[in-house]
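S.K.: Got a structure for you, written out below as structure tokens; questions coming shortly.
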Amino acid sequence: MNALPSSPETAWLLLVVSLPTSASTARMRFWRGIKALGATALRDGAYLLPNLPGLRAPLQTLATDAASEDGKVWMLSVQAADDQQEAEYRALFDRSTEYAEWMVELSSARSTLSDSDEAELLRVARRHGRGIDAIRKVDFFPNEASARAELQWRDFNAAIDILLSPGEPHGVAGNIPRRDPTQYQGRQWATRQHLWVDRVACAWLIRRF
159 MNALPSSPET AWLLLVVSLP TSASTARMRF WRGIKALGAT ALRDGAYLLP NLPGLRAPLQ
219 TLATDAASED GKVWMLSVQA ADDQQEAEYR ALFDRSTEYA EWMVELSSAR STLSDSDEAE
279 LLRVARRHGR GIDAIRKVDF FPNEASARAE LQWRDFNAAI DILLSPGEPH GVAGNIPRRD
339 PTQYQGRQWA TRQHLWVDRV ACAWLIRRF
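Take the sequence shown: its letters are residues 159 to 367, numbered as in the working numbering.
Below is the structure:
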């Protein structure tokens, strides 16, 4: 196996692999690993990744594993020839389609939330949370699609919070005006029952002022 040392000027990692046709288990293990890393295939046996923190080591592990199975392996540090090629490389990692598919599923789930009990609401939140986490993991260049997905995910969780805690306060976007502390000193404070963020905040305010 041939490998080049890491360089701060290098933008991309290229792994070229040729495994024996008889090594079917190794080929499947390698394919699953390269897919999990989010690498894209430039052609059969040539896989590209951005040279970002946390990617070189697992890619090197896959390369070492392939070499141990009598594979021919080259791990190269490369740079795009120009801005156009850089844009083309980045486009290979555009996760807009994955986000769009996930948002369709999330919208479908949103329409059934009011009919779900607490256990089902929590299961739905975990399931779709795993979905967006999987995309985030391989989204090396976030764009407008990822921003839309994050916003929809926050709205989805807010809707679940309202169903799980009806009548409780919920966060809203807005500006908080600055108050004069002297207007709140020496007064009698009261809050509602049960522990919640507004009750905890009241306790902090009473001790603070």
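Every residue gets a Cβ at the ideal spot worked out from N, C-alpha and C, and that includes glycine.
Taking 8 Å as the cut-off, decide whether the C-beta atoms of R185 and L172 are in contact.
M.R.: no
S.K.: Please determine, among L280, L217, V175, S180, the residue with the shortest C-alpha to C-alpha distance to G108.
M.R.: This structure leaves residue 108 out entirely; the chain is present only between 159 and 367.
S.K.: Helix, strand or coil for R337 per DSSP?
M.R.: coil
S.K.: Have a look at I334 and R312 and give me their C-alpha separation to the nearest angstrom.
M.R.: 21 Å
S.K.: Buried or exposed for W260, please, with buried defined as at least 16 other CB atoms from any protein chain shown within 10 angstroms of its CB.
M.R.: buried
S.K.: DSSP has R201 in a bridge; who is on the other side?
M.R.: A204
S.K.: Do F188 and L220 come within 8 Å of each other at the CB atom, strictly closer than that value?
M.R.: yes
S.K.: Rounded to whole angstroms, how far is the Cβ of A238 from the Cβ of A307, which I believe are closer than 8 Å?
M.R.: About 27 Å; that fails the 8 Å criterion.
S.K.: Could you give the C-beta distance for Q310 and L280, rounded to a whole number, given that I count them as a contact under 8 Å?
M.R.: The pair is not a contact, with the Cβ atoms about 19 Å apart (cut-off 8 Å).
S.K.: Between G229 and R294, what straight-line distance do the alpha-carbon atoms span, to the nearest angstrom?
M.R.: 31 Å
S.K.: The ligand PLP heavy atoms versus the CB of L321: any closer than 7 Å?
M.R.: No copy of the ligand PLP appears in this structure; indeed no ligand is present at all.
S.K.: Note down, in chain order, each residue of its chain lying with its Cβ closer than 6 Å to the Cβ of S164, except the 5 sequence neighbours on either side.
M.R.: Confidence at S164 is low in this model, with a pLDDT of 42, below 50, so the placement of that residue is unreliable and no value is reported for it.
S.K.: Just verifying my parser: in three-state terms, what is the DSSP assignment at V175?
M.R.: DSSP places V175 in strand when its eight states are reduced to three.
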